[in-house]
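J.:
2 protein chains.
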Amino acid sequence: MKNLLILFVCTFCTLQVATAQTTDADAFFIRKIYDNALTQGRCYPWLEYLCKRTGGRLSGSPQATAAVEYTRQMLDTMGLDKVWLQPCTVPRWIRGDQEIVRIVNSRKMGSVDLKALALGNSVGTGPGGISAEVVEVLSLDELEKLGEINLRGKIVFFNRPLDPTQLNTFAAYGGAVDQRGLGATRAARFGALGVLVRSMTTALDDVPHTGALRYEEGVPEIPAFGISTNDAERLSALLKEEPVRIYMRSTCVMMAPVVSHNVIGEITGSEKPEEIILVGGHLDSWDVGEGAHDDGAGCVQAMDVLQVLKRSGYRPKRTLRCVLFMNEENGLVGGAVYRAESDKKKEYHMAAIESDRGGFTPRGFTCEGDPTVFEKYFKRVSGWLPLIEPYGLRLKPGGSGADIGGLKAQKGLLFGFEPDSQRYFDYHHAPTDVLETVNRRELEMGVAAMASWVYLLDKYGVE
Amino acid sequence: MKNLLILFVCTFCTLQVATAQTTDADAFFIRKIYDNALTQGRCYPWLEYLCKRTGGRLSGSPQATAAVEYTRQMLDTMGLDKVWLQPCTVPRWIRGDQEIVRIVNSRKMGSVDLKALALGNSVGTGPGGISAEVVEVLSLDELEKLGEINLRGKIVFFNRPLDPTQLNTFAAYGGAVDQRGLGATRAARFGALGVLVRSMTTALDDVPHTGALRYEEGVPEIPAFGISTNDAERLSALLKEEPVRIYMRSTCVMMAPVVSHNVIGEITGSEKPEEIILVGGHLDSWDVGEGAHDDGAGCVQAMDVLQVLKRSGYRPKRTLRCVLFMNEENGLVGGAVYRAESDKKKEYHMAAIESDRGGFTPRGFTCEGDPTVFEKYFKRVSGWLPLIEPYGLRLKPGGSGADIGGLKAQKGLLFGFEPDSQRYFDYHHAPTDVLETVNRRELEMGVAAMASWVYLLDKYGVE
């Protein structure tokens, strides 16, 4: 009788636990994932290799090819079910000679070189360079007001800073980056000869930042440079005192496109292999720096998520796929090709997580999805929050990632991994984006956070 | 009639708001504090001066005197009601010559110098140095088991690492630091000649860390050194292959105590001047490095809390006091003197916040208090959480700070400012604790977090 009673109580308890969506075993397994990531993680040595042995990996460069081969080989060591390369044809932009951006013959300062980098995809000035007077503006709108009469033959200097009062630095970046992306082509409409853009960083320092611009069809392509925020401040102050002439020279050139690859590895699901959970980053980086935070960190984290789950003894029901996208920085070709092939095969990405906001201490995930499913799925996964909140993680609606955004049409849930954002734009697209700015524990905790979320997604599904 | 109705509705609304503890005006004012701290904060240039112009500021050193004078002058620029120095007599320990810790005549490695720093307060080896065989242990308990027969005439090597699976690195530090604090004196009881301690850091690198040890009365004082974690790993591996002899030399010496000062500034309360809200850090640092995170950051943040509140136009009801304590690192004299004088004057510290965990992105506050009041007060201040949660801040029970802990007897609430902890022990007590490792925005956000909390404490009180 006593035994029967115990059996009854136990059964009742089990039912109780099964009624609630998650169990104590989940908490226990997530703790195991963290222990594994923090003691057996491989992300940091992988990143060390990418940073120090391949270096800056701009699309189409030999370094990008080396990075594809290195990560393919590393995925091959992990005992996955499948590792493959997905071809994609990417632009091949070359920076050329060290850029010159020089204040010439200022009465006050004489001749001064500014810290500058050509913006990505920019045309060069030609070997002789360009010399013209500078006009400072704070927005694209201001260009319209000034008009051709004030801008023809000039160099336009875009100097609106990132808003320092934005707590999330990505919001500050989003509020300023139109100057870099569209400044050149908009200034060219009014006959400007070239463009200088204040670097897209929250720091005041001597580091110039690059990053992509886009030319519009039918508008002359004029050269553009990012200059350091300190130099932007100096130039702006000088312009209040006297007219300033700048000499600028760059030999950038857009070559013929070349074939490159997305690098993909997967653990095939044991019960629902047709439901895919993707975790990814982008393998290309700018040519300056080492692409440590942007986005070497995201790549090695995505790889380590699969490694840590395997090492933790987890056998996924669904297919877990690590995708290292090519050409996020100046074309997004890798993401587009991946999506097109996936759609063609009628794949279903039940979930996708992109890590492309740096290797800093994890704060949680942003989440988006097709409006027809988002509310229901988001509510469901929000139920798992008590399991990840002890690790300082939260979940909130918001954009996911540039490479995976197109998968929204498959009607799964898309997540952006969200680390602390305060330092990111100190390094973003700059020569300072090097391994030494990545803290090993912070990087590993990102792996643990994503692996834990992948585990919950796989175990419970979003529907 | 219509006007009367509006009046009634407005009165009703006001009452509604007054019933809830906080108001929309509070949210608005906290946003203003953040804007001010992120655009008008002075903490970073102050820290730059402390790091680059005074440098390491060990108690009793000329650099510590310079830091006292500098911060006093800066407080004097702020238009406070009162700025003063509080004398305290501090120990004066001097490191002396560059330390030598050398593996001598290993069959495998020959002669190898380890990266080492004498631990703070350690005696020197004497000019001739000490040479002896090394015995590795992982804990103080293990010493007891080995006993005098295995330890007499030896150098004891404490090699228990910080637990990497602890998410909060301070917990990992707490679990290992007994080796540094007590290792020498416990080993001396068994006749050991000297001590090596694995550096108290979560990183595996070549940086040695110092930090205080304590000798017990009646036990011989033997010299002790911290060695880098990489060297600790190498030494441990070598010990598994062959007996290892080490030569160690240091010329540290404890001089006669000297008079130094706590630096204090206050805004006297307009309604309840007798209720004090303290915000502080410690001005002394180790002699190696620049004391940037430990605790230059805490000092300049405490100063900037008052500056930002003044600049935001806030007139406090209670007395806001900034205290920069002397001698936290190797004696805690400043904190003891401050508390003793405060008790003597029958002061009441309604609240105190210490920032001594680095200048990283804020995560919240830990909180403690006398058991007779803690539960009630903690519940009350927890009611303000919705105002600070949007800034990523939380509140939890836990220790406050070494300098303010003694104020608990005055029965107010004590808080420890809690930033992200992952990088702290990379720099703590090490030559790497320099300005360049501090991010300006992260530092300023700490000021904003503490100023917001001080504002709420002042406006509503803890009782």
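So the protein lines, in turn, are chains A and B.
Heads up: the first sequence begins at 1 in this note's numbering, then just goes up one per residue.
Heads up: the second sequence begins at 1 in this note's numbering, then just goes up one per residue.
Every residue, glycine too, gets a C-beta built ideally from N, C-alpha and C.
Can you give me the Cβ contacts of Gly401 (chain A) inside the same chain, cut-off strictly under 6 Å, excluding the 5 residues immediately before and after it?
T.: Translated into positions along the first sequence, residue 401 (chain A) becomes position 401. Here the set comprises Glu354, Asp356 and Gly416.
J.: Give the single residue among B:Leu385, B:Met445 and B:Arg441 whose Cα lies nearest to the Cα of Thr23 (chain B).
T.: Taking the first residue of the second sequence as position 1, residue 23 (chain B) is located at position 23. Here the closest residue by C-alpha is B:Leu385.
J.: Measure the alpha-carbon distance for Glu275 (chain A) versus Arg394 (chain A) and round it to whole angstroms.
T.: Looking up residue 275 (chain A) in the first sequence gives position 275. Looking up residue 394 (chain A) in the first sequence gives position 394. Rounded to whole angstroms, Glu275 (chain A) to Arg394 (chain A) spans 25 Å at the Cα level.
J.: Below 7 Å on C-beta distance, what does Lys164 (chain A) contact in chain B?
T.: The residue you call residue 164 (chain A) lines up with position 164 of the first sequence. Position check: residue 164 (chain A) holds Pro in this sequence, whereas Lys was assumed. Going along chain B in sequence order, the residues near Pro164 (chain A) (Cβ under 7 Å) are Leu38 and Thr39.
J.: May I ask which residues mark the beginning and end of the alpha helix (DSSP H) holding Val137 (chain B)?
T.: For the purposes of this step, residue 137 (chain B) is identified with residue 137 of the second sequence, where counting begins at 1. Run containing Val137 (chain B): none in the alpha helix (DSSP H); it sits in the beta strand (DSSP E), Ile130 to Val137.
J.: Under the DSSP definition of a beta bridge, which residues are partnered with Asp81 (chain A)?
T.: Position 81 of the first sequence, counting from 1, holds the residue named residue 81 (chain A). Paired residues: none, contrary to the question.
J.: Does DSSP put Val26 (chain B) in a helix, in a strand, or in coil?
T.: For this step, residue 26 (chain B) is matched to residue 26 along the second sequence. Note that residue 26 (chain B) is Asp in the sequence shown here, rather than Val. Helix.
J.: Compare the C-alpha of Thr165 (chain B) against each of B:Ala203, B:Lys154 and B:Arg380 and name the closest.
T.: Translated into the one-based positions of the second sequence, residue 165 (chain B) becomes position 165. Nearest C-alpha to Thr165 (chain B): B:Ala203.
J.: Name the chain B residues that come within less than 9 Å of Met445 (chain A), Cβ to Cβ?
T.: Numbered from its first residue, the first sequence carries residue 445 (chain A) at position 445. Within 9 Å Cβ-Cβ: Leu167 and Gln422.
J.: Relative to the C-alpha of Val263 (chain B), which residue among B:Gly110, B:Tyr34, B:Lys82 and B:Gly191 is closest?
T.: Within the second sequence, numbered from 1, the residue matching residue 263 (chain B) stands at position 263. Per the Cα distances, B:Lys82.
J.: What in chain A is Cβ-close to Thr432 (chain B), meaning under 7 Å?
T.: Against the second sequence, residue 432 (chain B) aligns to sequence position 432. Those do not exist, as Thr432 (chain B) stays about 11 Å from chain A at its closest Cβ, beyond 7 Å.
J.: Return the CA-CA distance between Phe425 (chain B) and Ile404 (chain B), expressed in angstroms with no decimal places.
T.: By 1-based counting over the second sequence, the position of residue 425 (chain B) is 425. By 1-based counting over the second sequence, the position of residue 404 (chain B) is 404. Taking the straight line joining both Cα atoms gives about 22 Å.
J.: Assuming contact is defined by CB atoms lying nearer than 8 Å, are Thr54 (chain B) and Tyr44 (chain B) in contact in what I supplied?
T.: The residue you call residue 54 (chain B) lines up with position 54 of the second sequence. The residue you call residue 44 (chain B) lines up with position 44 of the second sequence. The answer is no: Cβ separation not under 8 Å.
J.: Kindly list the residues whose CB is nearer than 6 Å to the CB of Ala184 (chain B), restricted to its own chain and excluding five residues on each side of it in sequence; keep chain order.
T.: Your numbering for residue 184 (chain B) matches position 184 in the second sequence. Result list for Ala184 (chain B): Val195, Leu213, Ile222 and Ala224, in chain order.
J.: For Val434 (chain A), which residues in the same chain have their Cβ closer than 7 Å to its Cβ, ignoring the five residues on either side in sequence?
T.: Translated into positions along the first sequence, residue 434 (chain A) becomes position 434. Answer for Val434 (chain A): Cys51, Gly289, Glu290 and Ala292, listed in chain order.
J.: According to a CB-to-CB cut-off of less than 9 Å, which residues of the region 23 to 35 of chain B neighbour chain A?
T.: Residues Arg31, Tyr34 and Asp35.
J.: Determine, using beta carbons only, whether Thr366 (chain B) comes closer than 8 Å to chain A.
T.: Reading the second sequence from its first residue, position 366 is the one you call residue 366 (chain B). Judged by the 8 Å Cβ criterion, Thr366 (chain B) is not in contact with chain A.
J.: Whole angstroms are fine: how far does the CA of Leu443 (chain A) sit from the CA of Leu182 (chain A)?
T.: Translated into positions along the first sequence, residue 182 (chain A) becomes position 182. Translated into positions along the first sequence, residue 443 (chain A) becomes position 443. Straight-line Cα distance between these residues: approximately 33 Å.
J.: Could you check what DSSP says for His282 (chain B) in three-state terms: helix, strand or coil?
T.: By one-based count along the second sequence, residue 282 (chain B) stands at place 282. Here His282 (chain B) sits in strand by DSSP.
J.: Closer than 8 Å by beta-carbon distance: list the chain A residues that pair up with Glu442 (chain B), in chain order.
T.: Stepping through the second sequence from its first residue, residue 442 (chain B) is reached at position 442. What Glu442 (chain B) touches in chain A: Gln422 and Arg423.
J.: Between which residues of its own chain and Asn121 (chain B) is the CB-CB distance below 8 Å, once the five residues before and five after are set aside?
T.: Position 121 of the second sequence, counting from 1, holds the residue named residue 121 (chain B). Cβ neighbours of Asn121 (chain B) beyond the five flanking positions: Pro91, Trp93, Ala212, Leu213, Arg214, Tyr215, Met254 and Asn330.
J.: Anyone know if the C-beta pair for Gly334 (chain B) and Pro419 (chain B) falls short of 8 Å?
T.: Counting from 1 along the second sequence, the entry for residue 334 (chain B) is found at position 334. Counting from 1 along the second sequence, the entry for residue 419 (chain B) is found at position 419. Not closer than 8 Å, so no.
J.: Is it right to say Phe28 (chain B) is buried, meaning 16 or more other beta carbons lie within 10 angstroms of its own, or is it exposed?
T.: Mapped onto the second sequence, residue 28 (chain B) falls at position 28. So Phe28 (chain B) counts as exposed.
J.: Report the CB separation of Thr318 (chain B) from Gly280 (chain B) in whole angstroms; it is logged as a contact under 8 Å.
T.: Counting from 1 along the second sequence, the entry for residue 318 (chain B) is found at position 318. Counting from 1 along the second sequence, the entry for residue 280 (chain B) is found at position 280. Checking the displayed sequence, the identity of residue 318 (chain B) turns out to be Arg instead of Thr. Contact doesn't hold; Cβ gap of about 16 Å is too wide.
J.: Ignore the nearest five residues each way along the sequence and tell me which others in Ala451 (chain A)'s own chain have a CB closer than 7 Å to its CB.
T.: Taking the first residue of the first sequence as 1, we reach residue 451 (chain A) at position 451. Only Ile33, Ala37, Val305, Val308 and Leu309 meet the Cβ criterion.
J.: Would you please state the rounded distance, in angstroms, between the beta carbons of Arg363 (chain A) and Gly392 (chain A)? I believe it to be under 8 Å.
T.: Translated into positions along the first sequence, residue 363 (chain A) becomes position 363. Translated into positions along the first sequence, residue 392 (chain A) becomes position 392. Confirmed, Cβ separation roughly 7 Å.
J.: Name the DSSP beta bridge partners of Ser106 (chain A), please?
T.: For the purposes of this step, residue 106 (chain A) is taken as the residue at position 106 of the first sequence. BP columns for Ser106 (chain A) point to A:Gly110.
J.: Please work out which residues of its chain come closer than 7 Å, Cβ to Cβ, to Arg189 (chain A), disregarding the five sequence neighbours upstream and downstream, and give them in chain order.
T.: For the purposes of this step, residue 189 (chain A) is identified with residue 189 of the first sequence, where counting begins at 1. So the list reads Val219, once near-sequence residues are dropped.
J.: Suppose the cutoff is 6 Å on Cβ atoms and the five residues either side in sequence are ignored; what does the same chain contact list for Ala352 (chain A) look like?
T.: What you label residue 352 (chain A) is simply residue 352 of the first sequence in a count that begins at 1. Excluding sequence neighbours, Ala352 (chain A) sits near Leu278, Ile404, Leu407 and Leu414.
J.: Among B:Leu239, B:Lys115, B:Pro390 and B:His261, which residue has its Cα nearest to the Cα of Met248 (chain B)?
T.: One-based indexing of the second sequence puts residue 248 (chain B) at position 248. The residue with the shortest Cα to Cα distance from Met248 (chain B) is B:Lys115.
J.: Beta carbons nearer than 8 Å to chain A: which residues of the region 345 to 362 of chain B have them?
T.: If the cut-off is 8 Å between Cβ atoms, the region 345 to 362 of chain B has Thr361 near chain A.
J.: Output the boundary residues of the alpha helix (DSSP H) element that contains Ala118 (chain B).
T.: Translated into the one-based positions of the second sequence, residue 118 (chain B) becomes position 118. Note, Ala118 (chain B): premise wrong, no alpha helix (DSSP H); beta strand (DSSP E) at Ala116 to Ala118.
J.: Got a sec: is the Cβ-Cβ distance from Asn439 (chain B) to anything in chain A below 8 Å?
T.: The residue given as residue 439 (chain B) occupies position 439 in the second sequence. True, the Cβ-Cβ gap to chain A drops below 8 Å.
J.: Hey, out of B:Thr372, B:Leu167, B:Thr437 and B:Pro390, whose CA is closest to Ala297 (chain B)'s CA?
T.: Here residue 297 (chain B) corresponds to residue number 297 of the second sequence, with the count starting at 1. Checked all of B:Thr372, B:Leu167, B:Thr437 and B:Pro390; the closest Cα to Ala297 (chain B) is B:Thr437.
J.: With three or more C-beta pairs closer than 8 Å as the rule, is the region 154 to 173 of chain A touching the region 128 to 146 of chain A?
T.: Contact holds: three or more Cβ-Cβ distances are below 8 Å.
J.: Just to confirm, is the Cβ distance from Ser131 (chain A) to Arg245 (chain A) under 8 Å?
T.: Here residue 131 (chain A) refers to the residue found at position 131 of the first sequence. Here residue 245 (chain A) refers to the residue found at position 245 of the first sequence. In contact: Ser131 (chain A) and Arg245 (chain A) (Cβ atoms closer than 8 Å).
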